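Asks:
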Amino acid sequence: MSPQPISNKVRFLQQIRTALGQPAGRGRNFLDLFSDSRTGSSLLLNRIDDRSATDVSTLTPPPSRGMSEGGTGSKQSPVDRNPLLDRLIDESIPLNLKVIPVPTVADAAQSIVDLTLDRTPEWSDAKSLVAWRHPLIDSLNLPDRLKSCGIPVYVPDFESVDFKQFRLLAQTALIGVTSADYCIAESASLILKNRSGQPGMVSLLPSIHVAVITEDQLLDSLAKCYALIKQGVDAETEGMIGCMTLISGPSKTADIEAVMVHGAHGPREMIIFVIAEQKGFSNTFPLS
Amino acid sequence: MQSYIDEAEKAISNPVLQTALANLQERLGKGAAAAYRNLPEGPGLRLKAHDIRMQAINSLDVLLETLAERVEKNGGEVIFADDAAAAVSACREIARKHGVRAVVKGKSMVSDEIGLNDALSADGIEVTETDLGEYIIQLAAEHPSHIIAPAIHKTRDEIGTLFTEKLGISYTNDPPTLTREARKSLREKFLAADMGITGCNLACSETGHIALLSNEGNIRMSTTLPRVHVAIMGMERVAATLSDHDILLRLLARGAAGQKMAGYVSHISGPRQPGHADGPDHYYLIILDNGRSRILADERFREILCCIRCGGCLNVCPVYAKIGGHAYGATYCGPVGAVVTPLLSGVGRFSHLCQGETLCGACKDACPVNIDIPRMLLELRSMLADGDASWQVRRNSLLEKAGWMIWSWMMQDRRRYEIGVKLMKRIFP
Ligand code: SF4
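Listed in order, the protein sequences are those of chains A and B. Everything in the first sequence is counted per the working numbering, starting at 333 for the first residue and increasing by one. Everything in the second sequence is counted per the working numbering, starting at 952 for the first residue and increasing by one.
(1) Just curious, the alpha helix (DSSP H) that residue 999 of chain B is in, first and last residue?
(2) Pull up the CB-CB distance for residue 542 of chain A and residue 425 of chain A, whole angstroms please, since I reckon it's below 8 angstroms.
(3) Can at least three beta-carbon pairs, one atom from the region 575–583 of chain A and one from the region 593–607 of chain A, be found at a separation below 8 angstroms?
(4) Identify, in the order they occur along the chain, each residue of the same chain with its Cβ nearer than 6 angstroms to the Cβ of residue 518 of chain A, setting aside the five sequence neighbours on each side.
(5) Apart from the five residues just before and just after residue 1257 of chain B, which ones in its own chain have a Cβ nearer than 7 angstroms to its Cβ?
(6) Residues in its own chain within less than 6 angstroms of residue 526 of chain A by CB, not counting five upstream and five downstream?
(7) So, at 7 angstroms on beta carbons, what are the nonlocal neighbours of residue 420 of chain A in its own chain, with the 5 sequence-adjacent residues on each side left out?
(8) Hey, out of B:965, B:1346, B:1269 and B:1274, whose CA is closest to residue 980 of chain B's CA?
(9) Opposite residue 1078 of chain B in the DSSP bridges: which residues?
(10) Would you decide whether residue 970 of chain B is buried or exposed? Buried here means 16 or more other CB atoms lie within 10 Å of its CB.
(11) Starting from the beta carbon of residue 362 of chain A, find every residue of chain B whose beta carbon is closer than 7 angstroms, and list them in chain order.
(12) Grab me the residues of residue 503 of chain A's own chain with a C-beta within less than 7 angstroms of its C-beta, minus the 5 sequence neighbours each way, in chain order.
(13) If you measure between the beta carbons of residue 1057 of chain B and residue 1165 of chain B, is that distance less than 8 angstroms?
(14) Taking residue 525 of chain A as part of the alpha helix (DSSP H), name the residues at either end of that continuous run.
(15) Is the shortest distance between the beta-carbon of residue 1005 of chain B and the beta-carbons of chain A less than 8 angstroms?
(16) Who pairs with residue 1182 of chain B in a beta bridge, going by DSSP?
(17) With a threshold of 8 angstroms, are at least 3 pairs of Cβ atoms found where one atom belongs to the region 1218–1234 of chain B and the other to the region 1098–1105 of chain B?
(18) Do residue 1246 of chain B and residue 1253 of chain B have their beta-carbon atoms positioned less than 8 angstroms apart in this structure?
(19) In chain A, what lies closer than 7 angstroms to residue 1130 of chain B by C-beta?
(20) Please state whether DSSP places residue 433 of chain A in a helix, a strand or coil.
(21) Going along the region 503–517 of chain A in order, which residues come within less than 9 angstroms of chain B, judged by CB to CB distance?
(22) Tell me the DSSP secondary structure of residue 403 of chain A in three-state form.
(23) Anything in the region 1255–1282 of chain B with a Cβ closer than 9 angstroms to a Cβ of chain A? List those residues in chain order, please.
(24) Go ahead and pull the three-state DSSP assignment for residue 546 of chain A.
(25) Reducing DSSP to helix, strand and coil, say where residue 955 of chain B ends up.
(26) Relative to chain A, which residues along the region 1070–1094 of chain B have a C-beta separation below 8 angstroms, given in chain order?
(27) Give me the Cβ distance between residue 1190 of chain B and residue 958 of chain B, rounded to the nearest whole Å; I'm assuming they're in contact under 8 angstroms.
(28) Considering residue 987 of chain B, what are the terminal residues of the alpha helix (DSSP H) in which it resides?
(29) Please confirm whether residue 482 of chain A has its beta-carbon closer than 8 angstroms to some beta-carbon of chain B.
(30) If you check the beta carbons only, do residue 434 of chain A and residue 607 of chain A fall under 8 angstroms apart?
(31) Can a CB atom of chain B be found closer than 8 angstroms to the CB of residue 558 of chain A?
(32) Taking only runs that begin and end inside the region 469–497 of chain A, name each unbroken alpha helix (DSSP H) of 4 or more residues, in chain order.
(33) Is any heavy atom in the ligand SF4 found nearer than 7 angstroms to the beta carbon of residue 1317 of chain B?
(34) Would you mind reading off the limits of the alpha helix (DSSP H) that contains residue 366 of chain A?
(35) Would you list, in chain order, the members of the region 460–475 of chain A that have their beta-carbon closer than 8 angstroms to a beta-carbon of chain B?
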């Protein structure tokens, strides 16, 4: 399309200024009007470092409840537990999102292997996985672990795999494995950014989305997440936001007589493994 | 107006629809109220959100200019469209330029407002609505009857019959099975599409991104897979800063469905970056006026531009609960539609909408940004009573005025209503 004549934009904005009773021409600018926003977020950032287990002040107290699936926490005193993790688990239940704390990376990997063996493929006869190129995901060593079962794991190395080819692999995969930048406990939302080797389709096209994160990636609120992003190093290199997605549970719809059904277009099942070391969690993963 | 009364009567005498609407209000209306109470900042955040929105609307020139600069810097193209025709022709031009043959659409009220689907179809382009509710409506060749639950008026039996007819599956009325069939057939559409068209729930000026909410994942599909993405936004749908965006996003999810966060929130800043394996090659943002600057210029109605189209006011409105969305006869229905439709499409032509509402105030309390809809309904009524040259409104007849006062009182009770319809039909044969 030929570039739009600049006058169209100018005229459009002038019409708005007239409607607002503003004088013609560019009299005001963004920073004059909204400059307080930076101070606002740095105040917030000062509080983010307090987000460890001791800071419960910003969280509404989790209702008393039984331990999460697979947990052995009944023997554990509540102080040992990260309140953000507790909160995340509480929030995930009504969303049909499974949050499984595991003590080590190897436990997460084993659970993913078990899951792969247990589930039935949807878009192909054979089972396969796609996964991000990401340090934490690489350390799961999934290709080796699944090799003996003859189940391939594809990773988008962009020197070797062409993108069109990778998309074909993603659209027939049973499970997509990603990590995330952060996870917001308050709404059980994973924050994922598209990056090289970490395409969005891995969390979108396969039947099941599995994310593996570490405990220190938990944040209590979206406000903190935005504040971190705003001040983060990424802001310079990839634009402030880039292509970013919040994911809070499996795909769902209630468009037919308000009956809730999971797996509308995206993954029908979603699991987050949180590596929470030395918290005494069981490493057995309940498959059903 | 006659069609308003006819459609209203049809809706009221349809027991299935009456139950569906009642359930919707029970579920979503109450859900939103509970979700406001559970806000970490407390329900008072709605008042703050109102200020944030008003401030944004009052700075709209600056916010849109900044937004456009950022989008362009990220490699996107911004098109300012004065009216529906300009927006439609921009879309057709983009489709032509990129040789587009198949379009997948995320739910977008604004594309309905500008009549985009028909225009693209006329160019021989296959347009598929991908939100399940919208898909059902498209297969049935009907119109949506709710902002976020467009197929609320269809029963599972009707949908089963429809799918048997259109998708060639054997009959079932089981919602999970029907959903799975739609999942399969829409997946083919996503994978084959050249272009995705979406609306924009909320843009952010400071960052230059747009946010799109869905629970199904269809918006992610439409913005991840096709090689072209066109987003169309009403010019008022912009937040100044990320911290404003945070507050509005959380309130939007609560107002729309009582959720803390929508299942998926896509933040999109531009086309695919070098080295990325997905995302569109081309990204266009169309910013639409189409009568909004006229609303902006009128202090009495500027506030309605704060609306973030969550549909929350529909879920508590006693009139909507009875007459459903179709009676409003326009893209925007319910309390918000009763204000916005006349202002966008003709105060005289849609005068009955503001007369039909009861002014009970439920919509204001349900609104995530605390918009005073009853006040604006009154402004519209007084405009109709006294006439208003700037909106080309002539004075109402006294008879009509009296008729509407009776109507709105009638609407509050089923028995009163039945007598009322008969009476209205006599007054306006
Ligand atoms: S007026 Fe308020 S409640 Fe109604 S759709 Fe707009 S934002 Fe939502």
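In this text, a Cβ means the ideal position worked out from N, Cα and C, and glycines have one as well. Note that the coordinates shown come from a computational prediction; the quantities given were computed from them, not determined experimentally.
Replies: With the given structure in hand:
(1) Per DSSP, residue 999 of chain B is one residue of the alpha helix (DSSP H) stretching across 996–1009.
(2) By a beta-carbon distance limit of 8 angstroms, residue 542 of chain A does not contact residue 425 of chain A. Their separation comes to about 18 angstroms.
(3) Judged by Cβ distances under 8 angstroms, the region 575–583 of chain A makes contact with the region 593–607 of chain A, as three or more pairs qualify.
(4) Cβ contact annotation for residue 518 of chain A (same chain, cutoff 6 angstroms, sequence separation greater than five): 552 and 553, in chain order.
(5) In chain order, 1001, 1004, 1005, 1008, 1320 and 1322 place their CB closer than 7 angstroms to the CB of residue 1257 of chain B, counting only its own chain and leaving out the 5 sequence neighbours on each side.
(6) These residues qualify, in order along the chain: 532 and 575.
(7) A distance below 7 angstroms between beta-carbons, with the five flanking residues on each side excluded, links residue 420 of chain A to the following residues of its chain, in chain order: 431, 515, 517, 520 and 550.
(8) Ranking the options by Cα distance to residue 980 of chain B, first place goes to B:1269.
(9) DSSP output for residue 1078 of chain B lists B:1054 as bridge partner(s).
(10) Residue 970 of chain B should be labelled exposed.
(11) Those within 7 angstroms of residue 362 of chain A in chain B are 1013, 1017 and 1156.
(12) Around residue 503 of chain A, the same chain offers 455 and 537 as residues with beta carbons nearer than 7 angstroms, after the five sequence neighbours per side are excluded.
(13) In contact: residue 1057 of chain B and residue 1165 of chain B (Cβ atoms closer than 8 angstroms).
(14) Counting along the chain, residue 525 of chain A sits inside no alpha helix (DSSP H); it lies in the beta strand (DSSP E) bounded by residues 521–525.
(15) Residue 1005 of chain B does not count as touching chain A.
(16) Bridge partners of residue 1182 of chain B: B:1149 and B:1236.
(17) Counting C-beta pairs with one atom in each stretch, the region 1218–1234 of chain B and the region 1098–1105 of chain B have fewer than three that are closer than 8 angstroms, which means they do not touch.
(18) Yes, Cβ-Cβ distance for residue 1253 of chain B and residue 1246 of chain B is below 8 angstroms.
(19) The contacting residues are 585, 588, 593 and 596.
(20) In this structure, DSSP gives residue 433 of chain A an extended state, which the three-state scheme calls strand.
(21) Taking 9 angstroms as the cut-off between beta carbons, the residues of the region 503–517 of chain A near chain B are 503 and 516, in sequence order.
(22) Its pLDDT being 38, under 50, residue 403 of chain A is placed unreliably in this model, and the value from its coordinates should be taken loosely. Residue 403 of chain A: coil per DSSP, three-state reduction.
(23) Taking 9 angstroms as the Cβ-Cβ cut-off against chain A, none of the residues of the region 1255–1282 of chain B qualify.
(24) Three-state result, residue 546 of chain A: strand.
(25) Here residue 955 of chain B sits in helix by DSSP.
(26) Hits within the stretch, in order: 1081, 1082, 1083, 1084 and 1087.
(27) Taking C-beta atoms under 8 angstroms as the contact rule, residue 1190 of chain B and residue 958 of chain B fail to qualify, at a distance of about 36 angstroms.
(28) Unbroken alpha helix (DSSP H) run through residue 987 of chain B: 981–988.
(29) Judged by the 8 angstroms Cβ criterion, residue 482 of chain A is not in contact with chain B.
(30) Contact: yes.
(31) For residue 558 of chain A, the answer is yes, since a Cβ of chain B falls inside 8 angstroms of its Cβ.
(32) The DSSP assignment places 474–479 as complete runs of the alpha helix (DSSP H) inside the region 469–497 of chain A, in order along the chain (cut-off: 4 residues).
(33) Annotation for residue 1317 of chain B indicates a beta carbon within 7 angstroms of some heavy atom of the ligand SF4.
(34) According to the DSSP assignment, residue 366 of chain A belongs to the alpha helix (DSSP H) that extends over 362–366.
(35) With the criterion set as a beta carbon lying under 8 angstroms from some beta carbon of chain B, the region 460–475 of chain A has no members that meet it.
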